[in-house]
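*Asks:* One structure, as structure tokens, below. Some questions next.
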């Protein structure tokens with residue numbers, strides 16, 4: 178089968194490819210988490226999973242209703258009309274694919290930093306960080322407005338770059354899979370993790386980013402590739418308190434009720450946005466006083482006296 182025919186076949190079956198990878202990776206990670214967990218769960222899986230997967234449904238509906246053309250479709254339009262750098266500069270197909278994936282991944286890294294740096298955007302993104310446990314479904318938990326803005330940014334990049342449609346599809350499928358992987362509550366041998374994190378963002382690497390400590394929250398922004406954090410100075414090797422003892426989440430929204438879908442949707446309207454958005458104090462290594470002075474109530478671990486919490 179020639180490359181053009183293969184590309185056409187993949188694009189024609191795009192919805193099935195996305196769904197198959199999504200369900201396959203989700204199921205594989207759920208089995209792995211159950212067999213080799215890195216941390217004890219603090220909250221019942223049923224509560225978090227029901228609501229975290231519910232937000233996926235809301236996000237999908239929002240994209241379909243609001244955005245007339247998604248990234249793969251725009252890449253096809255860009256090729257047809259000669260838009261974008263790669264449609265002007267000739268290069269081998271394999272090189273264009275690699276360049277496209279790298280540029281798209283860098284764009285996602287920079288976008289992630291921006292959503293931490295701008296307080297108004299942090300209001301949206303903090304819903305992702307407000308999950309009180311860290312597992313595969315955390316990687317799917319994003320506010321629908323953030324999803325829409327993220328797609329808008331991606332569309333601008335696609336129009337400017339002119340990547341092959343197959344490269345965009347590969348990137349989006351891989352990004353979805355790696356987001357579930359690097360949010361997994363899975364134990365990977367330390368030696369294996371040390372090697373893996375030179376090539377891909379591992380769960381231990383990304384878990385640091387979900388620490389309640391703002392200095393750790395504002396590190397390890399990569400989703401696919403770890404190189405941007407290492408090159409641009411945002412890499413942090415491990416959490417100060419260790420992976421088992423560290424507190425997941427942010428100082429705000431630590432009530433069990435905040436895990437529910439309705440609270441997630443209105444969260445951007447609640448409370449101050451200060452404390453975690455990147456600012457000068459944090460770049461100098463100091464915690465914001467509003468967070469440093471706050472006493473955070475950490476929920477009891479499963480099995481330590483709360484009859485509502487099950488392993």
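Residue numbers (the numbering used here): 178 to 488. C-beta: ideal position from N, C-alpha, C; glycine also.
Buried or exposed: where does residue 459 fall if 16 or more other Cβ atoms within 10 Å of its Cβ makes it buried?
*Replies:* The residue labelled residue 459 in the question sits at position 282 within the chain shown. Unreliable placement is indicated for residue 459, whose pLDDT of 48 sits below 50; the coordinate value is still reported in the next sentence. So residue 459 counts as buried.
*Asks:* What does residue 388 pair with, by DSSP beta-bridge criteria?
*Replies:* Counting from one through the chain shown, the residue named residue 388 turns up at place 211. Residue 388 is bridged to 425.
*Asks:* Which residue's Cα is closest to the Cα of residue 247: 327, 445, 306, 266?
*Replies:* Within the chain shown, residue 247 is the residue found at index 70, counting from 1. Checking every option, the nearest Cα to that of residue 247 belongs to 327.
*Asks:* Could you spell out the range, first to last residue, of the alpha helix (DSSP H) harbouring residue 350?
*Replies:* Counting from one through the chain shown, the residue named residue 350 turns up at place 173. Residues 342 to 359.
*Asks:* Just how far apart, CA to CA, sit residue 341 and residue 378?
*Replies:* Locating residue 341 in the chain shown gives position 164, counting from the first residue. Locating residue 378 in the chain shown gives position 201, counting from the first residue. So the two alpha carbons sit approximately 25 Å from each other.
*Asks:* Which stretch, first to last residue, makes up the alpha helix (DSSP H) that contains residue 415?
*Replies:* Here residue 415 refers to the residue found at position 238 when the chain shown is read from its first residue. Here residue 415 belongs to no alpha helix (DSSP H), and DSSP marks it neither H nor E.
*Asks:* Applying the criterion that 16 or more other CB atoms from any shown protein chain within 10 Å of the CB defines a buried residue, is residue 210 buried or exposed?
*Replies:* By 1-based counting over the chain shown, the position of residue 210 is 33. Residue 210 should be labelled buried.
*Asks:* Among 348, 227, 218, 300, whose alpha-carbon lies nearest the alpha-carbon of residue 194?
*Replies:* What you label residue 194 is simply residue 17 of the chain shown in a count that begins at 1. Among 348, 227, 218, 300, the Cα nearest to that of residue 194 is on 348.
*Asks:* Give me the residue from 355, 437, 388 with the minimum Cα distance to residue 428.
*Replies:* Looking up residue 428 in the chain shown gives position 251. For the residues 355, 437, 388, the minimum Cα distance to residue 428 belongs to 388.
*Asks:* Using the rule of at least 16 other Cβ atoms within 10 Å of the residue's Cβ for burial, across every protein chain shown, is residue 421 buried or exposed?
*Replies:* For the purposes of this step, residue 421 is taken as residue 244 along the chain shown, with counting starting at 1. Counting Cβ neighbours within 10 Å, residue 421 comes out exposed, since fewer than 16 surround it.
*Asks:* Please report how far the alpha carbon of residue 448 lies from the alpha carbon of residue 418, in whole angstroms.
*Replies:* Position 271 of the chain shown holds residue 448. Position 241 of the chain shown holds residue 418. For residue 448 and residue 418, the distance between alpha carbons rounds to 27 Å.
*Asks:* How is the alpha helix (DSSP H) around residue 370 delimited, first residue to last?
*Replies:* As a first step, residue 370 must be located in the chain shown, where it is residue number 193. Looking at the DSSP string, the run of the alpha helix (DSSP H) that includes residue 370 is 367 to 373.
*Asks:* Is residue 362 closer than 8 Å to residue 311 when the C-beta atoms are compared?
*Replies:* In the chain shown, counting from the first residue as 1, residue 311 sits at position 134. In the chain shown, counting from the first residue as 1, residue 362 sits at position 185. Taking 8 Å as the Cβ cut-off, residue 311 and residue 362 qualify as a contacting pair.
*Asks:* Please classify residue 415 as buried or exposed, where buried requires at least 16 neighbouring CB atoms within 10 angstroms.
*Replies:* On the chain shown, residue 415 is found 238 positions in, with the first residue counted as 1. Under this definition residue 415 is an exposed residue.
*Asks:* Rounded to a whole number of angstroms, what is the C-alpha to C-alpha distance between residue 228 and residue 433?
*Replies:* If you number the chain shown from 1, residue 228 lands on position 51. If you number the chain shown from 1, residue 433 lands on position 256. Their backbone Cα atoms lie some 12 Å apart in a straight line.
*Asks:* For residue 307, does the three-state DSSP call read helix, strand or coil?
*Replies:* Numbered from 1 along the chain shown, position 130 holds the residue referred to as residue 307. Coil, per DSSP.
*Asks:* On the CB-based measure, 16 or more other CB atoms within 10 Å of its CB, does residue 161 come out buried or exposed?
*Replies:* Outside the shown range of the chain (178 to 488) lies residue 161, about which nothing can therefore be said.
*Asks:* If you follow the alpha helix (DSSP H) that residue 262 is in, where does it begin and where does it stop?
*Replies:* Residue mapping note: residue 262 aligns to position 85 of the chain shown, counting from 1. Counting along the chain, residue 262 falls outside any alpha helix (DSSP H), and DSSP gives it neither H nor E.
*Asks:* Can you tell me whether residue 461 is buried or exposed, with buried defined as 16 or more other CB within 10 angstroms of its CB?
*Replies:* Residue 461 sits at position 284 when you count from the first residue of the chain shown. Residue placement at residue 461 is flagged as unreliable, the pLDDT there being 41, under the threshold of 50; the coordinate-derived value follows with that caveat. So residue 461 counts as exposed.
*Asks:* With distances taken Cα to Cα, identify the nearest neighbour of residue 184 among 325, 442, 249, 438.
*Replies:* By one-based count along the chain shown, residue 184 stands at place 7. Of the listed residues, the one whose Cα sits closest to residue 184 is 249.
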